[in-house]
Amino acid sequence: MTATHEQTESAQPPSKAPPSGYIIGPVCDSIFIIGAPILAVLVVIPLSIPSRSSFDYSLHGVTYDLRQVFIGAFIAAHLVLVFFRSHINAEVFRRHRFRFTVVPAALLIGTALSPWILGLVGVVTVWWDVYHSSLQTFGFCRIYDAKQRNNPAAGRRLDYWMNLFLYTGPILAGVHFMDHVRTSRSQLTFLMADRGDLSTLLLEKIPGYLEQNQTYLSMAVLAVGLPFLIYYLVSYYRLYREGYHVSWQKVSLLCATGSVSIYAWGFTRILDAFFVMNFFHALQYFAIVWFTEQKNMTRAFRLNRFSFGKGLALSWIVILCFLYGLWIEHHVTGTWGTGLGLTVAIMHFWYDGFIWSVSKKHV
Amino acid sequence: MAPAKHTVDIPLTADKSISSRHDSLLEIGFQIGLALFVLAISWVLWLELPESFTPLAVWFVLLTLGIALAGVTWVASSNLSIRTKAIASIAIMTVAISTPTKYVMQRIADQEILRPGRIERGRFRHESLGLSFNANASMWLMPLLNVVVRQSNSQSIIFGDRLHYGDEATLFRVASPNDPDGQRSPIILRVIPFRYSRLDDAVAHAVNTQAHFASQQGERLTRPVHRHQIGTLDVIDFELYFEPWKLHTRYVFIRSGSYLLLLELRSRNPQYRAEFDEFVKSIEITGRTTRFDS
Chain V
0 MTATHEQTES AQPPSKAPPS GYIIGPVCDS IFIIGAPILA VLVVIPLSIP
50 SRSSFDYSLH GVTYDLRQVF IGAFIAAHLV LVFFRSHINA EVFRRHRFRF
100 TVVPAALLIG TALSPWILGL VGVVTVWWDV YHSSLQTFGF CRIYDAKQRN
150 NPAAGRRLDY WMNLFLYTGP ILAGVHFMDH VRTSRSQLTF LMADRGDLST
200 LLLEKIPGYL EQNQTYLSMA VLAVGLPFLI YYLVSYYRLY REGYHVSWQK
250 VSLLCATGSV SIYAWGFTRI LDAFFVMNFF HALQYFAIVW FTEQKNMTRA
300 FRLNRFSFGK GLALSWIVIL CFLYGLWIEH HVTGTWGTGL GLTVAIMHFW
350 YDGFIWSVSK KHV
Chain Z
0 MAPAKHTVDI PLTADKSISS RHDSLLEIGF QIGLALFVLA ISWVLWLELP
50 ESFTPLAVWF VLLTLGIALA GVTWVASSNL SIRTKAIASI AIMTVAISTP
100 TKYVMQRIAD QEILRPGRIE RGRFRHESLG LSFNANASMW LMPLLNVVVR
150 QSNSQSIIFG DRLHYGDEAT LFRVASPNDP DGQRSPIILR VIPFRYSRLD
200 DAVAHAVNTQ AHFASQQGER LTRPVHRHQI GTLDVIDFEL YFEPWKLHTR
250 YVFIRSGSYL LLLELRSRNP QYRAEFDEFV KSIEITGRTT RFDS
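Line by line, the protein sequences give chains V and Z.
Using numbering that gives the first Met the number 0, the letters of the first sequence correspond one by one to residues 0 to 362.
Using numbering that gives the first Met the number 0, the letters of the second sequence correspond one by one to residues 0 to 293.
See below:
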């Protein structure tokens, strides 16, 4: 999710700050939003101690690591969850009918019929995922600021760049940058059979160039990132003196996300890093979607007249989303299935950019 | 004169009660349908589709009933018009019957895959694979070795009657006495359950196979992985030359529905290409998809 707005910057809050400042509530926010990055690390540490074989699970004759099966399904589950806001919430759906109907249908057909579109959308997905993940934390920061009744424009650019640095910086400068490049490359494997100049460029030259020059990229990230951190703190101090109310929830979220991002992308194995970063991202998403859409979801599952309705609706959503995740990650065959997975991912990244506008009071 | 007003006494309470009971039935029906659907889908995702008739039939009923009940009760309890509800219900019933049927038919076909083929009017035919090719009189055919290499846990060779994903079966060997030293040129067909999500994966499989063979001492890659069409067939192939034995090997990947067929064509005859081309051209797949990216 991402916050959007169109107003000019000013630190002056329109009215007095409320006492709470939480999105859902102190307990839920502490576990599912602010504490989610720390929770992810606490989950992954015991899972990374046993040997790999202790998590082996044979699924249709192929041995998988259960941790990978779980996190793969969890990621896909949170991707498809966006449709419970975009398509089940009638108000949101009415606002963007074209984007919610024609665009996904066109992308699905394109990816299914053209290996080129499929491959390129696959590459875009890898990097848009990174960008989108950093903007989710940005979105939460803006909501926390709004909860303090700060002007939605105050510090917006600062938060945007800060979150990009916190999430993307450790990937670009860390040990797993080449894993992302390799994942992008694997989306274009079909070019191997063509042996043209373009396939050599995309499959060999560009990845090779990036691998050789990653040191410079790391240095650039550090050279820009560290001064920016100082600038960020100084700028917010100025805003504070002009009347901006500091959201301690936002500060805690930034500290937790930043430290976990640096730890995971910089100092852990790729499987653990991938698990940690995607676990907390998906957990936060489930929390915010359920919090904002529980009435619509309960109604959609025809449970609004039952006392146990909300609990059962939540169970159905978790089960159905996970089944989709398991199916799309481990069972799908053919370009229609793969195209569907990529379409859902791209739509998730895109929709999140406009269905959670803080300034328009959509959240 | 104003028209007389026709008023009807409506028993609101009774109607509300009937409507409420009707709604409750639809809502409960939807929950039951959803539960059946989840059960059937979980079964196929976490376990394999059952092999024997009774569990396969149970699975079929679970999924059909699940989709039909959940779908129709959801539509019935919505605010759509009667006509839209009718159209949606027909569509749901079609999906409820066709989707599980397709899976079950695929399953039955897959169980037949290791049955032997036969030679008929000069062509070898394998009904379950939909495969046929020219088998002239000089060809020596070992019809069905039925050796399954199970790769899932520890690699083991078994004589099975069906293939799991991850297994690889050598289905037959064909040989023709064309080599200069009188040795036969074998053609081996391996069958691998096809679970590739896209062309990329099929090419990657061929590239990995190429890398595996090319890394062996004495092997030289003479033609790297490439994709092309032979007739209506989508083909991915590559060629190696094994110096110590002066042996040319061509690996040809084709698809037959849910199976990937790997043909290994070996010869010490430098003129082997023309003969192998003839052989590959004679291959036909009927009733199954042959495109890698569909």
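Quick reminder that beta carbons are idealized off the backbone N, C-alpha and C, glycines included.
Bear in mind the structure is a predicted one, so any value in this text is a computation, not a measurement.
Query, Result
"Residue-chain proximity (Pro142 (chain Z), chain V), Cβ-Cβ < 8 Å", "Caution applies to Pro142 (chain Z), whose pLDDT of 49 falls short of 50 and renders its modelled position unreliable; the model cannot decide the point."
"Cβ shell of Ile17 (chain Z) (< 8 Å), same chain only, five flanking positions each side left out", "none"
"Beta-carbon gap between Trp58 (chain Z) and Phe29 (chain Z) smaller than 8 Å", "no"
"Touching by the beta-carbon criterion (3+ pairs, under 8 Å), the stretch 294-309 of chain V and the stretch 40-55 of chain V", "no"
"Residue-level contact to chain V via CB, Trp58 (chain Z), 8 Å cutoff", "no"
"Outcome for Phe52 (chain Z) when other beta-carbon atoms lying within 10 angstroms are tallied against a minimum of 16", "exposed"
"Option nearest Leu325 (chain V) by Cα separation, candidates V:Ala72, V:Gln67, V:Ile23", "V:Ala72"
"Backbone CA spacing between Ile253 (chain Z) and Ala263 (chain V) [nearest angstrom]", "42 Å"
"Through-space distance from Ile23 (chain V) to Phe290 (chain V), alpha-carbon basis", "7 Å"
"Neighbour list for Leu44 (chain Z) in chain V, Cβ cutoff strictly below 7 Å", "Leu322, Leu325, Trp326, His330"
"8 Å Cβ cutoff met for Ile33 (chain V) and Leu190 (chain V)", "no"
"Classification of Gly121 (chain Z) by the beta-carbon crowding that lies within 10 angstroms, buried from 16 upward", "exposed"
"Minimum Cβ-Cβ distance from Met296 (chain V) to chain Z less than 8 Å", "no"
"Partner residues on chain V for Phe278 (chain Z), Cβ-Cβ distance less than 8 Å", "Simply none; closest approach about 21 Å."
"Opening and closing residue of the alpha helix (DSSP H) in which Val174 (chain V) lies", "First-last for Val174 (chain V): undefined, no H or E at that position."
"Three-pair Cβ contact test at 8 Å for the stretch 91-108 of chain V versus the stretch 346-362 of chain V", "yes"
"Whole-angstrom distance between Tyr166 (chain V) and His179 (chain V), CA atom to CA atom", "14 Å"
"Inter-residue spacing [alpha-carbon to alpha-carbon] between Arg20 (chain Z) and Leu119 (chain V)", "53 Å"
"is_contact[Ile108 (chain V), chain Z] using C-beta, thresh 8 Å", "no"
"Against chain V: residues of the stretch 13-41 of chain Z by CB proximity under 8 Å", "Asp22, Ser23, Leu25, Glu26, Phe29, Gln30, Leu33, Val37, Ile40, Ser41"
"At least three beta-carbon pairs within less than 8 Å, the stretch 284-300 of chain V to the stretch 62-71 of chain V", "no"
"Closer than 8 Å to chain V by CB, Ser255 (chain Z)", "no"
"At least 3 beta-carbon pairs within less than 8 Å: the stretch 98-110 of chain Z vs the stretch 76-89 of chain Z", "no"
"is_contact[Arg84 (chain V), chain Z] using C-beta, thresh 8 Å", "no"
"Which of helix, strand or coil DSSP assigns to Ile229 (chain V)", "helix"
"Sheet register partners of Arg265 (chain Z) (DSSP bridge)", "Z:Thr248"
"Rounded straight-line distance, which links the Cα of Ser183 (chain V) to that of Gly109 (chain V)", "19 Å"
"Beta strand (DSSP E) segment containing Leu301 (chain V), residue limits", "This sequence places Arg at residue 301 (chain V); Leu is not what is there. Taken as a continuous stretch (DSSP letters only), Arg301 (chain V) belongs to no beta strand (DSSP E), as it is neither H nor E."
"Contact with chain Z by Arg304 (chain V), beta-carbon distance below 8 Å", "yes"
"Per-residue contacts from Ala90 (chain Z) into chain V (C-beta, under 8 Å)", "Ordered by position in chain V, no residue passes the 8 Å Cβ test against Ala90 (chain Z), which lies about 17 Å from the chain."
"Beta-carbon proximity of Leu68 (chain Z) to Gly32 (chain Z), cut-off 8 Å", "yes"
"Cβ of Thr188 (chain V) within 8 Å of any chain Z Cβ", "yes"
"Arg155 (chain V) at chain Z interface by Cβ criterion, 8 Å", "no"
"Minimum Cβ-Cβ distance from Thr342 (chain V) to chain Z less than 8 Å", "no"
"Between the CA atoms of Ala90 (chain Z) and Ser281 (chain Z) - distance to the nearest angstrom", "42 Å"
"Reduced DSSP category for Asn150 (chain V) - H, G, I as helix; E, B as strand; rest coil", "coil"
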